[in-house]
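Structure record follows, encoded as structure tokens.
Protein chains: 2
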Amino acid sequence: MTQTDFVFLESIVGIDNLFVLDEIEADFSHDELGTIQHAPEAHVYITNKDQVSKIMKYANLNLIPVTVRGTGTGLVGACVPIYGGILMDTSKMNHILELDEVNMTLRVEPGVLLFEIYEYVEKQHFFYGPDPGEKSATIGGNISTNAGGMRAVKYGVTRDWIRGLEVVLPSGEFIKTGGKVVKNSTGYSIKDLIIGSEGTLGIIVEATLKLIPLPKQSLSLLVPFKNRIEAIEAVPKVISLQSLPTAVEFMDKQALKYSEEYLGKKIPNANFEAYLLISFDGNSKVQTEQDIEEVSRACIEQFNALDAFLIDTDERKSSVWSARGAFLEAIKASTTQIDECDVVLPRSEITEFLSFTREVSDKLNVRIPYFGHAGDGNLHIYFCKDEMIDQDWKSVLQQGFQLLYQKAFEMGGLVSGEHGIGYAKKEYLEQQVGHSQIKLMRGIKQVFDPNQILNPGKII
Amino acid sequence: MTQTDFVFLESIVGIDNLFVLDEIEADFSHDELGTIQHAPEAHVYITNKDQVSKIMKYANLNLIPVTVRGTGTGLVGACVPIYGGILMDTSKMNHILELDEVNMTLRVEPGVLLFEIYEYVEKQHFFYGPDPGEKSATIGGNISTNAGGMRAVKYGVTRDWIRGLEVVLPSGEFIKTGGKVVKNSTGYSIKDLIIGSEGTLGIIVEATLKLIPLPKQSLSLLVPFKNRIEAIEAVPKVISLQSLPTAVEFMDKQALKYSEEYLGKKIPNANFEAYLLISFDGNSKVQTEQDIEEVSRACIEQFNALDAFLIDTDERKSSVWSARGAFLEAIKASTTQIDECDVVLPRSEITEFLSFTREVSDKLNVRIPYFGHAGDGNLHIYFCKDEMIDQDWKSVLQQGFQLLYQKAFEMGGLVSGEHGIGYAKKEYLEQQVGHSQIKLMRGIKQVFDPNQILNPGKII
């Protein structure tokens, strides 16, 4: 980029919202995981959608790469500007625009944080269903990766809660897709193509989210098992009971130990080998308690659980869920570097896949802690570098990922449940979906972005 | 098409599954509504996916148009072979392939009928959520239009229940997208692009449906109001109560009268001006009854309802729901010809839109009965030709549709909630989404089908 480009950007966003070359902080060269690194030439805070359109028109004309970034909480390098150019930062475009109580929708700008959405709507007795682990992610980032989270068992993923999008195309044109409507059979679903496209097809400048009335009750059960296999094998059985849980999370002693060390406090009832953390919500106290009762009984009497602890007080809730929430940070803190596999499998295959992961760990002599959204078959598996030298680490990652993904594909699994493909998982996507589908994806990219200026080098 | 082409087709599907030229029955030149008509040159029953692939390869090479048809229950001409060529009939490719009880999925061929799916899974205590009015549609057709139906309020639309698809591209290549997995952030969602694409991007040869445990209870309320406005205005209020209904249907005296005449029997409590038919399901009798109780009370005490009749016996259920189910047939039977508008609006706009529809009816002097999925803002509005001469009819339709769609767009509505665009609604799609988005859709079509042989002339 040239001085002329910087002058143009300054004319659009003002001097306070533009950082160029050496002024750019190092944090903006990588995401949360940090394995993929490249600095932008200009770091631009946008504050409204007209700026986005003007910048895209200019970039498209001058063939300058543009990469969109929210709060950079991704794990696959999707927001890293690997070809330099403009890093378009949405974190200041963060207004909640409208709560429509009649249509039960919330219109937001892309930079609103997930926890801000929860806070805002819950105060008005509404509920936004998706529950990704990282609450300081932006909603734009959540939509771009089709983020999932723990409540997917009952409430689905981000895609299921997006009613409408306004998008700026690489050309600078605006399009609107969907709206405040519940049903939509109006041509190809451009909305669903944008969701999960990791900022490669267009820039989300406004989203209309679906809300529902806030469930009045929420309760959790911590259910210990003799070992991992018995815990995991109980999962599909729990889900096929009539009382649909909100979340079914798997945790083992090791993951809890990391959390205890990281948080510096003990977790109650943490002396068992493996656990399911099962939660329920609903509108009637009687009903939620009946659900809990039914599941507790079935776990102990039929599914080999050793006990079932009700997590009812605020203190116990906070203790157990903060332990669960800290897993990623705790694992990161336990080692020098991590890389992760976010595979999703049919629920029936989790036991076998985790046994295979243990085999890979032994074979490659690498520590591989994991935890997972067992209820929806989505596992987060972490390779830990520990004291390994760089060369060995690279080779372990390459062999390990190859083995795990290959096994996942054989079992009907997919490369990514909720973190996306970004830059880090490109080769595995191609292995999985094959040439015909990659060709379609490339063709679609070309239709949206003929000059390949928007987040180049990602997904495909 | 030439004799050589027919010989090729016979070599693939056998003589019993091929009908050419004059042998083709007139029914296969149109869909349920019958306004768009064109005969195919060859009507081919396919029975397996390899046949689909072979026929597509041949057609692609020889530039023969191919149009896929299920049971032809569409209303916008999407399955009408307007350029002739091959009509590929999926109705004999109708096997249920696998019920996976652990992963709660059902694998089916495209020609399985909707009511066959309900029957099959409910026998095994599972539940498939979408509930489109036409139960003898094929699942392939449902996916191709992203069919909605009455239970969308609680259970969403077909898109929300499709876990995976296997598709034959116009080139004859196979692709698989999704699977038995709950989450998916694995590249662009080709699955969601195929859903709702009305057979223009690829041919669905297998689908994996999501199931849930069958709710144990199901109850309905018939709630009468003084007039249409009061009934419709109660809808968003009912939905914002905590007890989420399965369906909220709007009916007026006139629509019920058509049904009574068509079915030749009286409907209980049918002497009011307007109604909401509200249903609930759940797993606990106590809970479902509590929901009904809460909603009845709120309707009468707060939302101006005149009464609330519990539809509890099998006889009452069958009587009320069969009246509701017969609306389309009853309206068709009441006149010489109909055409329909399947607009979807934000729930808050229904009252005003229906008042506008009355104005259009008066202004153009045409009878326009309607009914609707009030709970999800999707209205079915029927223009009736009655004794009008052809020329007037054409002009009334053109003016009437233009007025209604324009009004819908101003209110944030869309051309189609669940019936699709097909051939009949193309011009309104373009008016709605604008040039930029039509260009994207055309580009996507070109990527999938560069020779424009698959269902040409539809959507865009």
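Just so you know, the sequences run in chain order A and B. In the numbering used here, each number is its position in the first sequence, counted from 1, plus 1181. In the numbering used here, each number is its position in the second sequence, counted from 1, plus 1181. C-beta atoms are modelled at their ideal positions from N, C-alpha and C, and glycine is treated no differently.
- Task: Reducing DSSP to helix, strand and coil, say where P1394 of chain A ends up.
- Result: Counted from its first residue, the first sequence places residue 1394 of chain A at position 213. DSSP places P1394 of chain A in strand when its eight states are reduced to three.
- Using the C-alpha atoms, what's the distance from I1549 of chain A back to S1542 of chain A? Within the first sequence, residue 1542 of chain A is the residue found at index 361, counting from 1. Within the first sequence, residue 1549 of chain A is the residue found at index 368, counting from 1. So the two alpha carbons sit approximately 6 Å from each other.
- When DSSP builds the beta bridges, which residues end up paired with D1462 of chain B? As a position in the second sequence, residue 1462 of chain B is number 281, starting the count at 1. B:S1399.
- Task: Give a yes or no on whether the minimum CB-CB distance between I1625 of chain A and chain B is below 8 Å.
- Result: What you label residue 1625 of chain A is simply residue 444 of the first sequence in a count that begins at 1. Cβ-Cβ to chain B under 8 Å: yes for I1625 of chain A.
- Task: Report the neighbours of D1341 of chain B on chain A: residues whose CB is nearer than 8 Å to its CB, in chain order.
- Result: Counting from 1 along the second sequence, the entry for residue 1341 of chain B is found at position 160. Those within 8 Å of D1341 of chain B in chain A are G1337 and D1341.
- Assuming H1211 of chain B and V1249 of chain B make a contact with CB atoms under 8 Å, what is their CB distance in whole Å? Walking along the second sequence from the start, residue 1211 of chain B turns up at place 30. Walking along the second sequence from the start, residue 1249 of chain B turns up at place 68. With a Cβ gap of about 15 Å, H1211 of chain B and V1249 of chain B do not count as contacting.
- Note down the Cα distance separating A1451 of chain A from K1434 of chain A, rounded to an integer number of angstroms. Along the first sequence, read from residue 1 onward, the residue named residue 1451 of chain A stands at position 270. Along the first sequence, read from residue 1 onward, the residue named residue 1434 of chain A stands at position 253. Going from the Cα of A1451 of chain A to the Cα of K1434 of chain A covers about 7 Å.
- Message: Strictly below 9 Å CB to CB, what residues from chain B border A1479 of chain A?
- Response: Counting from 1 along the first sequence, the entry for residue 1479 of chain A is found at position 298. What A1479 of chain A touches in chain B: nothing, since even the nearest Cβ is about 13 Å away.
- Neighbouring residues, chain B, relative to L1158 of chain A (Cβ below 7 Å): Past the edges of chain A, shown from 1182 to 1641, lies residue 1158 of chain A, and the structure says nothing about it.
- Item | CA nearest to the CA of Q1587 of chain A, picked from A:S1576, A:K1620, A:F1534 and A:L1560 | For the purposes of this step, residue 1587 of chain A is identified with residue 406 of the first sequence, where counting begins at 1. Answer by Cα proximity: A:F1534.
- Is the Cβ of I1324 of chain A closer than 8 Å to any Cβ of chain B? As a first step, residue 1324 of chain A is located in the first sequence; it is residue number 143 there, counting from the start. Not one chain B Cβ lies under 8 Å of I1324 of chain A.
- Taking 8 Å as the CB-CB cut-off, is N1275 of chain B touching chain D? The structure shown contains no chain D; its protein chains are A and B.
- Considering only residues of the same chain and omitting the five flanking positions on each side of E1411 of chain A, which have a CB-CB separation below 6 Å? Translated into positions along the first sequence, residue 1411 of chain A becomes position 230. Same-chain partners within the cutoff: N1485.
- Message: Counting only C-beta atoms, is M1622 of chain A closer than 8 Å to chain B at any point?
- Response: Sequence index remark: in the first sequence, residue 1622 of chain A carries index 441 (1-based). Yes, contact with chain B.
- Query: First and last residue of the beta strand (DSSP E) that includes G1359 of chain A?
  - Reply: Translated into positions along the first sequence, residue 1359 of chain A becomes position 178. Taken as a continuous stretch (DSSP letters only), the beta strand (DSSP E) holding G1359 of chain A covers F1355 to G1359.
- Distance, Cα to Cα, I1375 of chain B vs T1538 of chain B? Position 194 of the second sequence, counting from 1, holds the residue named residue 1375 of chain B. Position 357 of the second sequence, counting from 1, holds the residue named residue 1538 of chain B. So the alpha carbons of these two residues sit roughly 33 Å apart.
- Message: Using a 10 Å radius around the Cβ and a threshold of 16 neighbouring Cβ atoms, would you call V1188 of chain B buried or exposed?
- Response: As a working mapping, residue 1188 of chain B is identified with position 7 in the second sequence. Exposed.
- Message: Considering only their Cβ atoms, is the gap separating I1448 of chain B from V1501 of chain B smaller than 8 Å?
- Response: Taking the second sequence and counting its residues from 1, one reaches residue 1501 of chain B at position 320. Taking the second sequence and counting its residues from 1, one reaches residue 1448 of chain B at position 267. Cβ atoms of V1501 of chain B and I1448 of chain B: closer than 8 Å.
- Query: Would you report the Cα separation of E1510 of chain A and Y1443 of chain A, rounded to the nearest angstrom?
  - Reply: The residue you call residue 1510 of chain A lines up with position 329 of the first sequence. The residue you call residue 1443 of chain A lines up with position 262 of the first sequence. Whole-angstrom Cα-Cα distance: 8 Å.
- Looking at C-alpha atoms only, which residue of B:Y1336, B:E1379, B:P1351 and B:E1191 is the closest neighbour of T1254 of chain B? Numbered from 1 along the second sequence, position 73 holds the residue referred to as residue 1254 of chain B. It is B:E1379 whose Cα lies nearest to the Cα of T1254 of chain B.
- Under 8 Å between the Cβ atoms of I1562 of chain B and L1585 of chain B? As a first step, residue 1562 of chain B is located in the second sequence; it is residue number 381 there, counting from the start. As a first step, residue 1585 of chain B is located in the second sequence; it is residue number 404 there, counting from the start. Yes, the pair counts as a contact, with Cβ atoms nearer than the cut-off.
- Touch check for the stretch 1266 to 1273 of chain A and the stretch 1236 to 1248 of chain A: three-plus C-beta pairs under 8 Å? yes
- Message: Relative to the C-alpha of R1409 of chain B, which candidate in B:M1285, B:H1554, B:E1454 and B:H1306 has its C-alpha closest?
- Response: One-based indexing of the second sequence puts residue 1409 of chain B at position 228. Comparing Cα positions, the closest option is B:E1454.
- Could you tell me the distance, in whole angstroms, from the CA atom of F1200 of chain A to the CA atom of G1368 of chain A? Walking along the first sequence from the start, residue 1200 of chain A turns up at place 19. Walking along the first sequence from the start, residue 1368 of chain A turns up at place 187. The alpha-carbon atoms of F1200 of chain A and G1368 of chain A are separated by roughly 41 Å.
- Item | Which listed residue (B:N1323, B:S1317, B:M1285 and B:G1292) has its alpha carbon closest to that of Q1305 of chain B | Position 124 of the second sequence holds residue 1305 of chain B. Taking only the C-alpha atoms, the option nearest Q1305 of chain B is B:M1285.
- Step through the CB atoms of chain B and report whether any lies within less than 8 Å of the CB of L1457 of chain A. As a position in the first sequence, residue 1457 of chain A is number 276, starting the count at 1. For L1457 of chain A, the answer is no, since every Cβ of chain B falls outside 8 Å of its Cβ.
- Task: Taking only beta-carbon positions, decide if L1599 of chain B is within less than 8 Å of chain A.
- Result: Indexing the second sequence from 1 puts residue 1599 of chain B at position 418. As written in the sequence, residue 1599 of chain B is Glu, which differs from the Leu given in the question. With 8 Å as the cut-off, E1599 of chain B counts as an interface residue toward chain A.
- Query: Are the stretch 1420 to 1439 of chain B and the stretch 1490 to 1498 of chain B touching by the rule of at least three beta carbon pairs closer than 8 Å?
  - Reply: no
- Query: Under the rule that 16 or more other beta-carbon atoms within 10 Å means buried, what is L1578 of chain A, buried or exposed?
  - Reply: Here residue 1578 of chain A refers to the residue found at position 397 when the first sequence is read from its first residue. Buried: at least 16 other Cβ atoms inside 10 Å.
- Taking Cβ-Cβ distances below 9 Å as the criterion, which residues of the stretch 1213 to 1224 of chain A are in contact with chain B? none
- F1323 of chain B by DSSP, collapsed to three states: which one? Within the second sequence, residue 1323 of chain B is the residue found at index 142, counting from 1. A small fix is needed here, since residue 1323 of chain B is Asn in this sequence, not Phe. Helix.
- Item | C-alpha distance - E1347 of chain A paired with Q1471 of chain B, whole-angstrom precision | Counting from 1 along the first sequence, the entry for residue 1347 of chain A is found at position 166. Counting from 1 along the second sequence, the entry for residue 1471 of chain B is found at position 290. Using only the alpha carbons, I get a separation of about 40 Å.
- Item | Assigned secondary structure, V1525 of chain B (DSSP; H/G/I helix, E/B strand, else coil) | In the second sequence, counting from the first residue as 1, residue 1525 of chain B sits at position 344. Residue state, collapsed to three classes: strand.
- Interface partners of V1596 of chain B on chain A, CB under 7 Å: Within the second sequence, residue 1596 of chain B is the residue found at index 415, counting from 1. Those are T1367, listed as they occur along chain A.
- Message: Under 8 Å, Cβ to Cβ, is there at least one residue of chain A near P1405 of chain B?
- Response: Numbered from 1 along the second sequence, position 224 holds the residue referred to as residue 1405 of chain B. Chain A contact via Cβ: absent.
- Item | S1399 of chain B classed as buried or exposed, judged by whether at least 16 other C-beta atoms fall within 10 angstroms | Position 218 of the second sequence, counted from the first residue, corresponds to residue 1399 of chain B. It is exposed - the Cβ of S1399 of chain B has fewer than 16 other Cβ atoms within 10 Å.
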